[in-house]
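Number of protein chains: 2
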Amino acid sequence: MTSQTTGSPAAPDDPSRTWTIAEVAEEFGVTHRTVRHYEELGLISPDRRGTTRVYHRRDRTRLALVLRGRRLGFPLDEIRTIIDLYDAPRGRRSQLEYVLSQIDERRTDLEQRRRDLDAALAELETFERRCRDDLDRLGRL
Amino acid sequence: MTSQTTGSPAAPDDPSRTWTIAEVAEEFGVTHRTVRHYEELGLISPDRRGTTRVYHRRDRTRLALVLRGRRLGFPLDEIRTIIDLYDAPRGRRSQLEYVLSQIDERRTDLEQRRRDLDAALAELETFERRCRDDLDRLGRL
DNA sequence: GTATTGCTTTACGTTGACGTCAACGTCAAG
DNA sequence: CTTGACGTTGACGTCAACGTAAAGCAATAC
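Structure follows, in structure tokens:
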């Protein structure tokens, strides 16, 4: 079900399409409690139609970023400072330089993570080869 | 300070060298509480000299694995099942096949993480370029 | 001697990230 | 008009991963 109360037949690529909390929760595989929790922390700020939350494409974009950050193991408030960075005003030189310094910090962190990840994968594959060799030896007996 | 009470002058590559809890904590940049917590969860199992914990190279190896897993955002009990896998007996075919299936599960997870990581890095670099362009434009005014 | 380190255990506190429950509003369907 | 289905706001519960404080033993430092 779409949330469009207008008679229009729910164009999925309509940039003005909106979603309910149940729809976004379902779509992203989280509970509505999680979605509300992210709103409490300022990670997303859905509109309201009266008292009811109304989610736009913008909210889904941010939610996707939040969940990717979560999969990568970042704390939620750190995730907020990162994605807020993307929306931050960059009019003045000082702001731009601050944003660039933050970017650099982030990248250093992410690159460290990738090193860890690659090392873990490499060890895993070495180990797999050992196991397969053992299995072969068992087969030849 | 080394923990060797013997007269030997602390050879750092001696395979029988041991460490105190303070030394390993210092070396890995964690508190002694963290080290003990990992022991409570069965992630490491140091020897005892009387009541005092004595760490061998083996413990440091496992601790390094634990901390890398932590940097990657894995929960500690999951980390334990992973590194226990490396030490698991692989004598029988059924055991080997189980271990191999676990390896495959792990690798799938790690590869998903790498995709997330690469996407995040790519976006970060796109964003950085935009910012640098903005900065250039400001400079040319 | 005592005093200071450095280690130990026990145990309760904290923080992040939600889960869960109660109590209530609202709107279309029967 | 009542019944669901879906929404809302508190508020408390829970679990992981430690922090932290209390109280004690054991060896070196003075």
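Line by line, the protein sequences give chains D and L.
Our numbering applies: residue 76 is where the first sequence begins, and numbers increase by one.
Our numbering applies: residue 76 is where the second sequence begins, and numbers increase by one.
Glycine is no exception: its CB is placed at the ideal position from the N, C-alpha and C atoms.
- Residues are counted here when their Cβ sits less than 7 Å from a Cβ of chain D; for the segment 156-169 of chain L these are Y161, R165, R168, given in chain order.
- In this structure, the straight-line span from the alpha carbon of L/L185 to that of L/E115 is close to 26 Å.
- Following the DSSP letters along the chain, one finds L/V105 in no alpha helix (DSSP H), marked with neither H nor E.
- Across the set L/D209, L/G144, L/D208, L/F103, the C-alpha of L/G144 shows the shortest separation from the C-alpha of D/D193.
- Beta-bridge partners of L/T127 (DSSP): L/R124.
- No residue range can be given for L/F149, since it is assigned to no alpha helix (DSSP H) and is classified by DSSP as neither H nor E.
- V174, L175, I178, D179, R181, R182, L185, E186, Q187, R188, R189, D191, L192, D193, A194, A195, L196, E198, L199, E200, F202, E203, R205, C206: these are the residues of the segment 173-206 of chain L whose beta carbon lies less than 9 Å from some beta carbon of chain D, given in chain order.
- With contact defined as three or more Cβ pairs closer than 8 Å, the segment 88-97 of chain L and the segment 107-114 of chain L are in contact.
- Between the alpha carbons of L/D191 and L/I157 lies a gap of roughly 21 Å.
- Taking the beta carbon of D/R143 as reference, the chain L residues within 8 Å of it are D191, A194, A195, listed in sequence order.
- Between D/E102 and L/I178, the gap from beta carbon to beta carbon reaches 8 Å or more.
- The C-beta of D/T93 has 16 or more other C-beta atoms within 10 Å across all chains shown, which makes the residue buried.
- Counting C-beta atoms within 10 angstroms of its own C-beta, L/P164 has fewer than 16 neighbours from the protein chains shown and is therefore classed as exposed.
- Only residues of its own chain outside the window of five on either side were considered, and among them L116 have a CB closer than 6 Å to the CB of L/L151, listed in chain order.
- Below the 8 Å Cβ cutoff, chain L contributes R165, L171 as neighbours of D/D209, in chain order.
- Residue contact check for D/L213 against chain L: a CB pair falls below 8 Å.
- Only R143, R146, L147, G148 from the segment 123-150 of chain L bring a Cβ to less than 7 Å from some Cβ of chain D.
- Taking the Cα positions, D/R128 is about 11 Å away from D/I119.
- Cα atoms of D/H112 and D/H131: separation of roughly 18 Å, rounded to the nearest angstrom.
- Annotation: the continuous alpha helix (DSSP H) that includes L/R181 extends over 168-214.
- Counting the other Cβ atoms within 10 Å of the Cβ of D/R215 gives fewer than 16, which makes it exposed.
- Sequence-distant partners of L/L160 (beyond 5 residues in either direction) whose C-beta falls short of 7 Å from its own C-beta, in its chain, are V174, Q177.
- The C-beta of D/A195 has 16 or more other C-beta atoms within 10 Å across all chains shown, which makes the residue buried.
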